[in-house]
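First up is the structure itself, then whatever we jot down about it.
Numbering (the working numbering), first residue to last: 54 to 217.
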């Protein structure tokens, strides 16, 4: 297993930015912070105004996952479901396509999550697509998303992200 992100203050690791449902009129709040060598993704999910998602994304690097079969994460969650999302150069009508897979967490428990690259499904702004196929050699963005349709606080800590 090769670790890609360790949140240890390495200046070559891209910064994480939040993208919440406010871009579509929603009221959810979420943020990313690197604290003591861990990424903390936390906030408050709201279903008001047709909202219901919060995400954090790391952009600015290109990852060649062509030899990998899965992403591996060490996380401590809150019992809610999250998505790992990857983006490449793929687009539909000029809009970027994301490839995601859902994983479950156990409240207060550190766990190793395995996400097979062959399980990633394409979507455009949350709408499932039939393609284009995932191209692992040109990953431009790694992200985490919560959109489980449950209002309330959420918190996910990530110790590291890697590939096998």
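Idealized CB from N, CA, C, for every residue including glycine.
Helix, strand or coil for residue 108, going by three-state DSSP, please let me know. strand
With H, G and I counted as helix, E and B as strand and the rest as coil, what does DSSP make of residue 140? strand
Rounded to the nearest angstrom, what separates residue 44 and residue 101 at their Cα positions? The displayed coordinates of the chain run from 54 to 217. Any statement about residue 44 would go beyond what the structure contains.
Rounded C-alpha distance that separates residue 201 from residue 147: 27 angstroms
In whole angstroms, what separates the C-alpha of residue 74 from that of residue 83? 9 angstroms
Taking the C-alpha atoms as reference points, what is the distance between residue 94 and residue 85? 5 angstroms
At 3 residues or longer, what runs of the beta strand (DSSP E) sit wholly inside the segment 117 to 181? 123 to 129, 134 to 145, 148 to 157, 163 to 169, 174 to 177
Where the beta strand (DSSP E) containing residue 194 begins and where it ends: 192 to 199
In terms of alpha-carbon separation, which member of 64, 152, 61, 113 lies closest to residue 70? 113
In the structure shown, what three-state DSSP assignment does residue 63 receive? coil
Going straight from the alpha carbon of residue 161 to that of residue 194, what length do you get? 27 angstroms
Helix, strand or coil: which one does DSSP assign to residue 71? strand
Here's a check: name, in chain order, each residue in its chain whose Cβ is nearer than 6 angstroms to the Cβ of residue 108, leaving out the five neighbours to either side. 72, 196, 198
Contacting residues, own chain, Cβ-Cβ under 6 angstroms from residue 138 (five flanking each side not counted): 151, 153, 196, 198
Tell me the DSSP secondary structure of residue 206 in three-state form. strand
Buried or exposed by the 16-neighbour rule on C-beta atoms within 10 Å, applied to residue 64: exposed
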